[in-house]
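Sequential numbering from 186 applies to the sequence shown in the numbering used here. Written out below as structure tokens is the structure these notes cover.
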Amino acid sequence: MQSLGFSPLNSLGSAKATPKIQKEISRDPLSSLKLLSLKFKPCYSTRFYRNSSIQMSGSNEEEDLTKQMKEMNAAKKRWDALIREEKVKSLTPREAGYAIQLSYKTLLDVRPSFERNKAWVKGSTWIPIFDVDSKLDAGALSKKVTNFLLGGWWSGIPTLSYENQFISRVEQQFPKDTDLIVACQKGLRSLAACELLYKAGYENIFWVQGGLEAAEEEDFDREGPQPFKFAGIGGVSEFLGWTDQQRAAAAKDGWGSRVIYSARLIGLFILADGLFIGVQQLTHYLQEIRSS
Numbered sequence: 186m187q188s189l190g191f192s193p194l195n196s197l198g199s200a201k202a203t204p205k206i207q208k209e210i211s212r213d214p215l216s217s218l219k220l221l222s223l224k225f226k227p228c229y230s231t232r233f234y235r236n237s238s239i240q241m242s243g244s245n246e247e248e249d250l251t252k253q254m255k256e257m258n259a260a261k262k263r264w265d266a267l268i269r270e271e272k273v274k275s276l277t278p279r280e281a282g283y284a285i286q287l288s289y290k291t292l293l294d295v296r297p298s299f300e301r302n303k304a305w306v307k308g309s310t311w312i313p314i315f316d317v318d319s320k321l322d323a324g325a326l327s328k329k330v331t332n333f334l335l336g337g338w339w340s341g342i343p344t345l346s347y348e349n350q351f352i353s354r355v356e357q358q359f360p361k362d363t364d365l366i367v368a369c370q371k372g373l374r375s376l377a378a379c380e381l382l383y384k385a386g387y388e389n390i391f392w393v394q395g396g397l398e399a400a401e402e403e404d405f406d407r408e409g410p411q412p413f414k415f416a417g418i419g420g421v422s423e424f425l426g427w428t429d430q431q432r433a434a435a436a437k438d439g440w441g442s443r444v445i446y447s448a449r450l451i452g453l454f455i456l457a458d459g460l461f462i463g464v465q466q467l468t469h470y471l472q473e474i475r476s477s
């Protein structure tokens, strides 16, 4: 915060990074960065006792999962070290809004489009580090189906892919001495963006801790159809009002929101019952046709 003209912050501590973490910072961040857009696959191991051999596919998946977890843990250590050494400064959402309004600093929004389109900070620059995967090849379709089956239908989060042009797009708009306040929805992907920006030569980088979801409505001048806290939710969970954000809002709003979500749940049960009865009637009708 000193370069913004405010008192320094120590929200994540000021301890020096260990030599091991300093070594991690020098590594290429892209391999672990891409893990933020992946869904871990279920792992299993199948034994064939008939011929006393072991199928290795499940074991390989377990090894891949272990490798991914190690890379993700290493990435988090690098990001923590960047904050502790104040190579990236930490701001609360309120402090970030204060800096933007009074010092006219740039807010770099790195969220994917499906979150950005719901709510954004007025005057912010949008350059996503991940965005919705629009490819339609066999591999991309397989990932989309897997993502949907592993919870995408419930959370509404689509398959994301890393934007290879992220740094080049930032460099086209901002010189290296620009004060950049970097934000995402929850604060994790923006940390990854801060690491890439630091390694690209940007020195005045500020990270919004907790992301825009942690912001109150008065912290920023918001544009868009929904509050910041609702920008990261979707799917069936949003429709039924079963997300933590909606529950917190309903507790403040009273019975109005609860009645709406309860009506949606009842409607969903009625629809499911109707479909079940319809399938039964259709099956019975087809059986009669075959027997006649």
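Here a beta-carbon is modelled for each residue, glycine too, at the ideal position from N, C-alpha and C.
Collapsed DSSP secondary structure at Tyr-383 in the structure displayed: Locating residue 383 in the sequence shown gives position 198, where the first residue counts as 1. When secondary structure is reduced to three states using DSSP, Tyr-383 falls in the helix class.
Pairwise C-alpha distance: Thr-468 and Ala-400: As a working mapping, residue 400 is identified with position 215 in the sequence shown. As a working mapping, residue 468 is identified with position 283 in the sequence shown. The C-alpha of Thr-468 is placed about 53 Å away from the C-alpha of Ala-400.
Close beta carbons around Gln-358, own chain, < 8 Å, minus the five adjacent residues each side: Taking the first residue of the sequence shown as 1, we reach residue 358 at position 173. Excluding positions up to five away in sequence, the list reads Thr-310 and Ile-312.
Rounded C-alpha distance that separates Leu-425 from Ser-476: Indexing the sequence shown from 1 puts residue 425 at position 240. Indexing the sequence shown from 1 puts residue 476 at position 291. Cα to Cα, Leu-425 sits roughly 43 Å from Ser-476.
C-alpha gap between Val-464 and Ile-451, whole angstroms: On the sequence shown, residue 464 is found 279 positions in, with the first residue counted as 1. On the sequence shown, residue 451 is found 266 positions in, with the first residue counted as 1. Computed Cα separation, rounded: 20 Å.
Straight-line Cα distance separating Tyr-387 from Lys-361: By 1-based counting over the sequence shown, the position of residue 361 is 176. By 1-based counting over the sequence shown, the position of residue 387 is 202. Approximately 5 Å, taken between the alpha carbons.
Three-state secondary structure (DSSP) of Gln-472: Indexing the sequence shown from 1 puts residue 472 at position 287. If DSSP states are grouped into helix, strand and coil, Gln-472 belongs with the helices.
Complete alpha helix (DSSP H) runs within the segment 290-363 (minimum length 4 residues, chain order): 298-301, 323-332 and 351-358, all fully within the segment 290-363.
Alpha carbon of Pro-278 to alpha carbon of Phe-461, nearest angstrom: Translated into positions along the sequence shown, residue 278 becomes position 93. Translated into positions along the sequence shown, residue 461 becomes position 276. Cα atoms of Pro-278 and Phe-461: separation of roughly 48 Å, rounded to the nearest angstrom.
Under the three-state DSSP convention, the category Lys-226 falls into: Counted from its first residue, the sequence shown places residue 226 at position 41. Per-residue confidence for Lys-226 stands at a pLDDT of 36, beneath the threshold of 50, marking its modelled position as unreliable; the derived number appears in the next sentence. Three-state result, Lys-226: coil.
Residue interval of the alpha helix (DSSP H) (run including Phe-391): Position 206 of the sequence shown, counting from 1, holds the residue named residue 391. According to the DSSP assignment, Phe-391 belongs to no alpha helix (DSSP H) but to the beta strand (DSSP E) extending over 390-393.
Backbone secondary structure at Glu-408 - three-state DSSP: Within the sequence shown, the letter at position 223 stands for residue 408. Here Glu-408 carries a strand assignment [DSSP, helix/strand/coil].
Beta-carbon spacing of Trp-392, Ser-275 below 8 Å: For the purposes of this step, residue 392 is identified with residue 207 of the sequence shown, where counting begins at 1. For the purposes of this step, residue 275 is identified with residue 90 of the sequence shown, where counting begins at 1. Going by C-beta atoms, Trp-392 is nearer than 8 Å to Ser-275.
Residue range of the unbroken beta strand (DSSP E) whose run includes Ile-366: Counting from 1 along the sequence shown, the entry for residue 366 is found at position 181. 365-368 is the span of the beta strand (DSSP E), which, as asked, contains Ile-366.
Local conformation of Lys-274 per DSSP, three classes: Mapped onto the sequence shown, residue 274 falls at position 89. Three-state result, Lys-274: strand.
Gly-396 and Gly-372 closer than 8 Å at C-beta: By 1-based counting over the sequence shown, the position of residue 396 is 211. By 1-based counting over the sequence shown, the position of residue 372 is 187. Cβ atoms of Gly-396 and Gly-372: closer than 8 Å.
Given Tyr-347 as reference, the closest of Arg-374, Phe-415, Glu-271 and Glu-248 once Cα atoms are compared: Numbered from 1 along the sequence shown, position 162 holds the residue referred to as residue 347. Checking every option, the nearest Cα to that of Tyr-347 belongs to Arg-374.
Candidates Lys-255, Glu-473, Lys-437 and Val-273, of which the one nearest Leu-381 by Cα: As a first step, residue 381 must be located in the sequence shown, where it is residue number 196. When Lys-255, Glu-473, Lys-437 and Val-273 are compared, the shortest CA-CA separation from Leu-381 is found for Val-273.
Cβ-based neighbour list, Gln-472, same chain, cut-off 6 Å, excluding 5 preceding and 5 following: One-based indexing of the sequence shown puts residue 472 at position 287. Annotation for Gln-472: no residue places its beta carbon closer than 6 Å to its own, counting only its chain and skipping 5 residues before and after.
Spatially closest choice to Gln-370 from Ala-323, Lys-261, Leu-293 and Ser-353, by CA coordinates: Here residue 370 is taken as the residue at index 185 of the sequence shown, counted from 1. Closest option to Gln-370, Cα to Cα, is Leu-293.
Residue burial classification, Ile-474 (beta-carbon count within 10 angstroms, cutoff 16): Taking the first residue of the sequence shown as 1, we reach residue 474 at position 289. Looking at its Cβ environment, which holds fewer than 16 other Cβ atoms inside 10 Å, Ile-474 is exposed.
Inter-residue spacing [alpha-carbon to alpha-carbon] between Phe-299 and Gln-466: Sequence index remark: in the sequence shown, residue 299 carries index 114 (1-based). Sequence index remark: in the sequence shown, residue 466 carries index 281 (1-based). For Phe-299 and Gln-466, the distance between alpha carbons rounds to 40 Å.
Nearest neighbour of Asn-349, chosen from Asp-406, Ala-378, Ala-435 and Asp-429 [CA to CA]: On the sequence shown, position 164 is the one that residue 349 refers to. Of Asp-406, Ala-378, Ala-435 and Asp-429, the smallest CA-CA separation from Asn-349 is found for Ala-378.
Range covered by the alpha helix (DSSP H) that runs through Leu-397: Locating residue 397 in the sequence shown gives position 212, counting from the first residue. Per DSSP, Leu-397 belongs to no alpha helix (DSSP H) and is neither H nor E.
For Thr-428, three-class secondary structure by DSSP: Within the sequence shown, numbered from 1, the residue matching residue 428 stands at position 243. Secondary structure of Thr-428 (DSSP, three-state): coil.
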